[in-house]
Each structure stands twice: as C-alpha cells, then as structure tokens.
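Step one of this worksheet: look at the structure below.
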Amino acid sequence: MLAVRVEGITKRFGNHVAVDDVSFEVPAGVIYGVLGPNGAGKSTTLRMINDIIAPDAGHVELLGGLAPGAESAPHVGFLPEERGLYPKMPVLEMIAFMGELRGLTGRDARARGEAWLERLGLGQWRKNKVQDLSKGMQQKVQFAATMIHEPELVILDEPTSGLDPINADVLRDVVREQKAAGRTVLFSTHLMEQAEQICEHIFIIARGKKVLDGRLADLK
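Going by the numbering used here, the sequence shown opens with residue 1128, and the numbers climb by one from there.
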C-alpha cells in the first residue's frame, strides 16, 4: 500500500510558484525524507498533503486512497514548522486536550500523555505551564501531542529545529520506533546528514521543483 501519493501538485502565492508540478509516492511503513534548502517548498508540500492549504492543481491521496482532510485526519499526525501550543496550559493537560480533540477519552488521553512525557524525558514537567519550558522542551511537547492518537501516517516538518544534539538524537530514536511499530513517517529537513541518518527514501525539492526521489541506498 502507498501511504502517500502526490500527483502533479502546484501551489502559487501571487506570482510566486512555491511548488511546481510535484509528484512522488511514499510506500507504507518507511521513513521518507523531504529534503531541500529553506524556502524550497517543503513546508508548502507538507501542508497540501495535510489539507491545510489546497493545491492549485494536482491531486493527493493518503493511506491507500483517502482524501486529505476530514476523511484521513483520524489517521494522520502533523507536526508543523510553526508550533501551536497553548502557553498557559499545564503540559500534561495540553497533550491530553489534543488527544481528546482526536477522539480519545479523557482517561486514555491522560494515560497516553503521561507515557509520552516519560518517553521524552519530560515527566517531571507535567504540571508546569507550557510557557515555563524551554523552546526545545516545547518542541518535544508538540511532538507528543502529534503522536497522542497513534496515527498511521506521521508528518514532521523540521522536527529537530530548536533541539540540542542530545534531544535531537532522542527524537530521531522515537521516529525510528514509529517505523518499527509499522507507521509511515514523512520527515522534512534541510540537512542531508540528518536525512542520511534516519531516512530510507528521500525526495529532494529545490525552488519548488522536484530534483530527485528514490531509495537513499540507490541514490548514493
């Protein structure tokens, strides 16, 4: 099964073509890197895949034929480059709230939130307000909120941004765990070294156009 199929998507903002006739396919159960310099079109591509913005042309299918948006939302977790946390909420309450929005019961959401905080080394901060945490800690809270409903497809836009090397390694280990659990991960980065560390397949975009895609081992 294909986790993601993108056919000829294009997005313009005024006279600027942010994404230009891009196509690629993501097999289920892999870590798939979306690689390119800042401003290349990575975030715009991921937003179209997640139905945050609509393409001007082209088509996206998720998880074997589901449309982006309401149909696929229960099965997708999206970590955007721009973080969206409620700063005055306690950390655990924040994560549990996101779980309830995804259809979990309050008890289940809190239990999963506790487990994620422990896995990410944030258990002692569960009662602190989000605004009291460092940028890197907030990044890990956002990741936990992304994963709370155990999505089949995980879309991560520059997930290690703001993390120190140790916490970046922790996050990469957690991403590998998701693959081991059978999930598909789209992992956006502007760092080739990072893509080589974690991804099996990569798609490279520059100035809105596809440069290449395929198995990393075949492209070296």
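We treat Cβ as the ideally placed atom computed from N, Cα and C, and that holds for glycine.
Residue i and residue j closer than 8 Å at C-beta
i     : j     : result
E1241 : L1219 : yes
D1284 : S1150 : no
G1309 : H1328 : no
K1306 : V1157 : yes
R1303 : A1167 : no
G1160 : F1270 : no
L1173 : I1282 : yes
I1176 : V1187 : yes
E1279 : L1212 : no
Which of helix, strand or coil DSSP assigns to residue i
i     : result
G1250 : helix
E1198 : coil
A1272 : helix
S1315 : strand
S1170 : helix
E1245 : helix
K1215 : coil
Outcome for residue i when other beta-carbon atoms lying within 10 angstroms are tallied against a minimum of 16
i     : result
I1275 : buried
F1314 : buried
D1300 : exposed
P1214 : exposed
P1201 : exposed
L1339 : exposed
Nearest-angstrom beta carbon gap, residue j and residue i [assumed within contact, 8 Å]
i     : j     : result
L1206 : P1286 : 6 Å
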